[in-house]
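What follows is one structure encoded as structure tokens, with my remarks underneath.
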Amino acid sequence: MILVQIAGGLGNQMFQYALARKLATKGDGIVLADTYLLGVQMHPARKYRLDKFRVQAPRVPWHYVIRYNPGEFLTRLARRNLSAPQAKRLLYRFERLGFKSSCDYRFYKYEPGQPQPPLQVGRTVSQRQFHYDPEVENLSGDLVLMGYWQSEKYFTDIAPQLRADLQLRAPFAGEDAKVAEQMKQTLSVSLHVRRSDKAIAKDFNASDSVYCLRAVEWFRSRLDSPKFFVFSDDWEWTRQHLPEASDIQYVAHNSVGQDLEEWNWEENLSLMSQCRHHIIGPSSFSWWAAWLNPDPNKIVLSPPHQRWLNFRNCDTSDVIPASWIQIDDR
9 MILVQIAGGL GNQMFQYALA RKLATKGDGI VLADTYLLGV QMHPARKYRL DKFRVQAPRV
69 PWHYVIRYNP GEFLTRLARR NLSAPQAKRL LYRFERLGFK SSCDYRFYKY EPGQPQPPLQ
129 VGRTVSQRQF HYDPEVENLS GDLVLMGYWQ SEKYFTDIAP QLRADLQLRA PFAGEDAKVA
189 EQMKQTLSVS LHVRRSDKAI AKDFNASDSV YCLRAVEWFR SRLDSPKFFV FSDDWEWTRQ
249 HLPEASDIQY VAHNSVGQDL EEWNWEENLS LMSQCRHHII GPSSFSWWAA WLNPDPNKIV
309 LSPPHQRWLN FRNCDTSDVI PASWIQIDDR
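For the sequence shown, our numbering gives the first residue as 9, with consecutive numbering after it.
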């Protein structure tokens, strides 16, 4: 049994599920989704998105973790029922008694050449470096899994199963079905413009016009009449910097309203994966849209892996698959 802690948006949730699914194949095959982090301050306004897909990962209540990590249970209990200062004081006392939660994001503290913290403490596995960690392959048994695990190296050997799991439960209908058919009938290229929160967050990078236009011209110069299907989380910016043209079509029908969490992200990601080729942004969302396309002849353009994150101690060299093409975005 793998109890996977779900955090972040849809792309992050897929990475978390992917490793959990891989590790579960070594045991009883059971994956359980702990969605506690979606409701706390660290990850505001995020929803659990995997239930629209064919994944087998039932959600469990916040207190389920007590079976495997009593320290984490006490941490959650204190934070749910006390003010922040009160919880901090109580948790300090718990730690002195040996009840410290081992659920923490250790990769933020990674330093090259320095001793590594343990990957596993008790039943809890916490990501200790952003790049691929080969010791993960040796894990087995019932585990609590915490991290982002953004490398296909963790799950390449179960790719067919994952691509089946991460299909929508319901078939495309209405406008989705119409767009999917257009993608099928053309030399389609998905283009994902990722901005919104990343445009103002210093730790992340947003799609910029130089990269988007350069990627479009890359395909135009190599393919015979490609058709670009554009997906965006900032349509005002997109219309200004990437105007519609005879070969550029906006796909905005699932992006209605001011609240981005109410948009149909699951349908958008699945539609993007229907294209023959892909231009992804610095985003796990479009990463998965490209990866879910099973065609071995697909072409995927991405920004340089160094533009994935701005964290000083995060080695992003394993994020972009070797067969994808990283193009200069400056």
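Using N, Cα and C, we set each Cβ at its ideal position, and we do this for glycine too.
Given that a residue counts as buried once 16 or more other Cβ atoms are within 10 Å of its Cβ, and exposed if not, what is residue i?
i      : result
Glu225 : exposed
Ala26  : buried
Gln266 : exposed
Ser254 : exposed
Asp336 : exposed
Pro290 : buried
Ser292 : buried
Asp36  : exposed
Gly79  : buried
Ala298 : buried
Glu160 : buried
Ala330 : exposed
Ala65  : buried
Ser148 : exposed
Asp59  : exposed
Asp150 : exposed
Asp285 : Looking at the sequence provided, one finds His at residue 285 rather than Asp. The residue is buried, with at least 16 neighbouring Cβ atoms inside 10 Å.
Glu274 : buried
Phe121 : The sequence shown places Gly at residue 121, rather than the Phe named in the question. By the 10 Å Cβ count, Gly121 comes out exposed.
Using the DSSP secondary-structure output, state which residues sit across from residue i in a beta bridge.
i      : result
Phe237 : Ser198 and Gln257
Gly310 : The sequence given here places Ser at residue 310; Gly does not occur at that position. According to DSSP, which records beta bridges pairwise, Ser310 is partnered with Gln334.
Thr132 : Val129 and Val152
Ala41  : Val12 and Arg67
Phe138 : The partner list for Phe138 (beta bridge, DSSP) is empty, contrary to what the question assumes.
Phe61  : Leu176
Looking at the unbroken beta strand (DSSP E) that takes in residue i, where does it start and where does it end?
i      : result
His285 : His285 to Ile287
Met154 : Leu151 to Met154
Gln356 : The structure shown does not extend to residue 356, since the chain is modelled only from 9 to 338, so the question has no answer here.
Leu18  : Leu18 -> not in any beta strand (DSSP E); alpha helix (DSSP H) instead, spanning Leu18 to Ala32.
Excluding the 5 residues preceding and the 5 following residue i in the sequence, name in chain order all residues of the same chain whose CB lies nearer than 6 Å to its CB.
i      : result
Val6   : There is simply no residue 6 to check, as the chain begins at 9 and stops at 338 in what is shown.
Leu309 : Ala223, Ile287, Ile333 and Ile335
Trp316 : Pro290, Thr324 and Val327
Leu250 : Cys220
Ile74  : Phe81
Lys306 : His285
Ser240 : Val201 and Thr246
With respect to the alpha helix (DSSP H) encompassing residue i, which residues constitute its N-terminal and C-terminal limits?
i      : result
Ala188 : Gly182 to Gln193
Cys220 : Ser217 to Arg228
Arg84  : Pro78 to Asn89
Ala167 : Ala167 to Asp173
Asn262 : Asn262 -> no alpha helix (DSSP H), and no H or E assigned at all.
Phe163 : No alpha helix (DSSP H) contains Phe163, which DSSP labels as neither H nor E.
Glu274 : Trp273 to Met280
Phe319 : Where Phe319 is concerned, there is no enclosing alpha helix (DSSP H), given that its DSSP letter is neither H nor E.
Trp296 : Ser292 to Trp299
Quick one: what's got a C-beta closer than 7 Å to residue i's C-beta in the same chain, skipping five residues either side?
i      : result
His51  : Annotation note: pLDDT 49 at His51 (below 50); position unreliable, no value reported.
Thr33  : Ile166
Met191 : Phe237, Gln282 and Cys283
His359 : Only positions 9 to 338 of the chain appear in this structure, which leaves residue 359 out of reach.
Asp314 : The sequence given here places Gln at residue 314; Asp does not occur at that position. Thr324.
Ala86  : Ala95, Leu98 and Leu99
Leu231 : Leu195
Gly19  : Ser291, Ser292, Phe293, Trp295 and Trp296
Compare the C-beta of residue i with all C-beta atoms of chain D and state if any pair is closer than 9 Å.
i      : result
Leu151 : The structure shown contains no chain D, having only a single protein chain.
Note down, in chain order, each residue of its chain lying with its Cβ closer than 8 Å to the Cβ of residue i, except the 5 sequence neighbours on either side.
i      : result
Lys55  : Leu46 and Glu269
Trp243 : Tyr258, Ala260 and Ser263
Arg228 : Pro234 and Asp255
Arg84  : Tyr44, Trp70, His71 and Val73
**Message:** Using a Cβ distance threshold of 8 Å, determine whether the segment 323-332 contacts the segment 132-147, with at least three qualifying pairs required.
**Reply:** In the pairwise beta carbon analysis, the segment 323-332 is classified as touching the segment 132-147: at least three pairs are separated by under 8 Å.
**Prompt:** Does the segment 193-205 touch the segment 233-247, meaning 3 or more C-beta pairs lie closer than 8 Å?
**Reply:** Contact check between the segment 233-247 and the segment 193-205: three or more CB pairs, one atom from each, fall below 8 Å, which counts as touching.
**Request:** Count the CB pairs spanning the segment 19-34 and the segment 156-171 that are closer than 8 Å, and state whether there are at least three.
**Result:** Below 8 Å, enough C-beta pairs join the segment 19-34 and the segment 156-171 to call them touching: three or more.
**Message:** Taking 8 Å as the cut-off, does the segment 167-181 touch the segment 266-284 (at least 3 CB pairs, one atom from each stretch)?
**Reply:** Touching, per the Cβ criterion.
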